[in-house]
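Whatever position you read off the sequence shown (first residue = 1), add 258 for our numbering. As structure tokens, the structure follows; a few thoughts come after it.
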Amino acid sequence: MSNAYSKDLERWLPRLISVWRASRGRGDGPEGRLTPQEVKEVGAGVKQLSLGLTRDRQLAGARYMDDPRLLGAYLLFYWPVSYAQARHVLGELPNRPRHVMDLGSGPGPVAFAAMDAGASEVTAADRSKPALELARKLATEAGEALATREWDPLKKNATLPEGQYDLITMGHVVNELYGATDEALKPRAALLESVLAKVKKGGSLLVMEPALRETSRNLLKVRDLLVERGYAIRAPCMFRGACPALVKETDWCHAERPWPMPKVVEELARVAGFHKESLKMSYLVVAPKGEAWPEPPPGRLFRIVSESLEGKGRQRYIGCGPEGRVGLAMQERHRSEKNEKFFHLQRGDVIEATDLETKGDGYALGENAEVRMVAQAGRGVPPAQKP
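Take a look at the structure:
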């Protein structure tokens, strides 16, 4: 996470703690940090949320934000995580959004991330009144203007808030809608289509989901339904056909970013009994109907979609680009100044590579290979230069 993002998040932490304490009727306590008793109390809620949202999935789709204890745990742990995830993905947008709507906002981590990324008008919409109330209190604490609306996609004849937007965000929402089977995919895609109708020309819909195998693969299946219906993906995909990560049941695609974890989050993670050393999420940035896929710059491009798969005497990754999902490998003996970057890539980086020889499930980079960084993880791929 860049220093700028980290500094922005650090400013939010005292506000989160202050609003949480006030919601419990306790305004006392050290500024910007939790007492050991508070850490223990909130950590238990974080553990329950983690179990219910990422393991047994019992809370997925439930109204857990109406429970004050779970809402508090979300505010102090998942809010900073979601904010940080959103700041990274917002860095890939082709244009800075001004008018933003955050659907399924909860207490607003993605809404405030958009605000800190330069949006001037932000609306947070959710079905949980207590969550929206906390979002309003955070806005007051920060001296920011935030509009809020009630929105419940599961209500019969549910309608979206009025207006057209440069950006609509849906952070960790879609995976909780319409059940847990494949029958949920079509109504999810239909919902995203109705949301995309609210996106201005040149704007985007950002969908972020947990990096679990099930939630990530389901997002890719919804992606394929949208692509079949003529929608273009702005990021992270450069491949325009059906997602190649869905061919094998064991594959999925997610982003991972290094993250200097705030102390409050670190303490709560430790008490809850799990490690969170990096940010992991799956995401799509979708263009409104009628817009073309972005034209990438020339060359053979690949987004790195795996961790380093280093082996004896070689470096290897999985890459995905305009030609699909492939293995990319280079022998250590072929290392040179022109390809040194290949040995230090991060998941999400986009590279151009030359001197590729078909081998196994992909390509071997030869002794004359050159590797150029096209876009670092979290940055948009620059468009092709117009003649």
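All C-beta atoms, glycine included, are put in the ideal place defined by N, C-alpha and C.
Legend entry - First through last residue of the beta strand (DSSP E) which encompasses His357: Counted from its first residue, the sequence shown places residue 357 at position 99. Per DSSP, His357 belongs to the beta strand (DSSP E) from His357 to Leu361.
Inset, instruction - Below 8 Å on the Cβ atoms is my guess for Gly598 versus Met539; work out the distance and round it to an integer in Å. - result: Position 340 of the sequence shown, counted from the first residue, corresponds to residue 598. Position 281 of the sequence shown, counted from the first residue, corresponds to residue 539. Sequence inspection shows Glu at residue 598; the Gly mentioned does not correspond to that position. With 8 Å as the limit, Glu598 and Met539 do not qualify as a contact, their Cβ atoms being about 29 Å apart.
Legend entry - Cα-Cα separation between His602 and Arg630, rounded to whole angstroms: Residue numbering aside, residue 602 sits at position 344 when the sequence shown is read from its first letter. Residue numbering aside, residue 630 sits at position 372 when the sequence shown is read from its first letter. The alpha-carbon atoms of His602 and Arg630 are separated by roughly 12 Å.
Inset, instruction - Determine the direct distance from the alpha carbon of Pro388 to that of Ala635, and round the result to whole angstroms. - result: Looking up residue 635 in the sequence shown gives position 377. Looking up residue 388 in the sequence shown gives position 130. Approximately 35 Å, taken between the alpha carbons.
Inset, instruction - Give a yes or no on contact between the segment 479-487 and the segment 445-452, applying the rule of three or more CB pairs nearer than 8 Å. - result: They touch, by the three-pair rule.
Inset, instruction - Would you check whether the ligand SAH has a heavy atom nearer than 7 Å to the C-beta of Leu412? - result: With respect to the ligand SAH, the structure offers nothing, as it holds no ligand at all.
Legend entry - At least three beta-carbon pairs within less than 8 Å, the segment 545-555 to the segment 455-463: Cβ pair count under 8 Å is three or more, so yes.
Inset, instruction - Count the C-beta pairs between the segment 331-343 and the segment 352-361 that are closer than 8 Å, then say yes if the count reaches three, no if not. - result: No, the segment 331-343 does not touch the segment 352-361.
Legend entry - Separation of Glu524 from Arg354, as counted between CA atoms: Sequence index remark: in the sequence shown, residue 354 carries index 96 (1-based). Sequence index remark: in the sequence shown, residue 524 carries index 266 (1-based). C-alpha of Arg354 to C-alpha of Glu524: approximately 31 Å in a straight line.
Inset, instruction - Tell me, please, whether the CB atom of Pro580 is closer than 8 Å to any CB atom in chain D? - result: No chain D is part of this structure, which consists of one protein chain only.
Legend entry - Given Ala518 as reference, the closest of Ser536, Gly376 and Ala503 once Cα atoms are compared: On the sequence shown, residue 518 is found 260 positions in, with the first residue counted as 1. One point to set straight first is that residue 518 is Pro, not Ala, in the sequence displayed. Of Ser536, Gly376 and Ala503, the residue nearest in Cα terms is Ser536.
Legend entry - Glu555 - partner residues in DSSP beta bridges: Mapped onto the sequence shown, residue 555 falls at position 297. Here residue 555 turns out to be Pro, not Glu, going by the sequence shown. Here Pro555 is not bridged, per DSSP, to any residue.
Inset, instruction - Identify whether Met323 lies in helix, strand or coil by the three-state DSSP scheme. - result: As a first step, residue 323 must be located in the sequence shown, where it is residue number 65. In this structure, Met323 counts as helix in the three-state DSSP scheme.
Inset, instruction - Take the Cβ of Gly569 as the centre, count every other Cβ of all protein chains shown within 10 Å, and call the residue buried at 16 or more, exposed below. - result: As a working note, residue 569 is residue 311 in the sequence shown. Taking a 10 Å sphere around the C-beta of Gly569, we find fewer than 16 other C-beta atoms and assign the residue as exposed.
Inset, instruction - Rank Leu463, Ala503 and Arg471 by C-alpha distance to the C-alpha of Leu484 and give the top, closest one. - result: Your numbering for residue 484 matches position 226 in the sequence shown. The residue from Leu463, Ala503 and Arg471 with its alpha-carbon nearest to that of Leu484 is Leu463.
Inset, instruction - May I ask you to verify whether the segment 267-280 touches the segment 483-502, counting CB pairs closer than 8 Å and requiring at least 3? - result: Verdict: no, contact absent.
Legend entry - Span of the alpha helix (DSSP H) around Met466: Counting from 1 along the sequence shown, the entry for residue 466 is found at position 208. Run containing Met466: none in the alpha helix (DSSP H); it sits in the beta strand (DSSP E), Val457 to Glu467.
Legend entry - Candidates Arg475, Tyr436, Arg558 and Leu309: closest to Tyr332 by CA position: On the sequence shown, position 74 is the one that residue 332 refers to. Per the Cα distances, Leu309.
Inset, instruction - Indicate the three-state DSSP secondary structure (helix, strand or coil) for Ala545 in the structure shown. - result: For the purposes of this step, residue 545 is taken as the residue at position 287 of the sequence shown. In the three-state reduction of the DSSP assignment, Ala545 falls in the coil class, being assigned neither a helical nor a strand state.
Inset, instruction - Specify, as a first and last residue, the run of the beta strand (DSSP E) that Asp424 falls within. - result: Numbered from its first residue, the sequence shown carries residue 424 at position 166. Looking at the DSSP string, the run of the beta strand (DSSP E) that includes Asp424 is Tyr423 to Gly429.
Inset, instruction - Assign Pro641 to one of three DSSP states: helix, strand, or coil. - result: Working through the sequence shown from its first residue, we reach residue 641 at position 383. Residue state for Pro641 is assigned as coil, using DSSP reduced to three classes.
Inset, instruction - Might you give, ordered along the chain, the residues of its own chain that have their beta carbon closer than 6 Å to the beta carbon of Gly376, omitting 5 neighbours on each side? - result: Start at 1 with the first residue of the sequence shown, and residue 376 comes out as number 118. So the list reads Arg354, once near-sequence residues are dropped.
Inset, instruction - Figure out for me which residue from Leu504, Thr417, Ala503 and Ala627 has the closest Cα to the Cα of Arg593. - result: Here residue 593 corresponds to residue number 335 of the sequence shown, with the count starting at 1. For the residues Leu504, Thr417, Ala503 and Ala627, the minimum Cα distance to Arg593 belongs to Ala627.
Inset, instruction - Measure the alpha-carbon distance for Pro367 versus Ala397 and round it to whole angstroms. - result: Position 109 of the sequence shown, counted from the start, is the residue given in the question as residue 367. Position 139 of the sequence shown, counted from the start, is the residue given in the question as residue 397. Going from the Cα of Pro367 to the Cα of Ala397 covers about 11 Å.
Inset, instruction - Let me know if Arg515 comes out buried or exposed under the rule of 16 or more other beta-carbons within 10 Å of its beta-carbon. - result: Position 257 of the sequence shown, counted from the start, is the residue given in the question as residue 515. It counts as buried.
Legend entry - DSSP state of Pro294 mapped onto helix, strand, coil: Position 36 of the sequence shown, counted from the start, is the residue given in the question as residue 294. The answer is helix: DSSP assigns Pro294 an H, G or I state.
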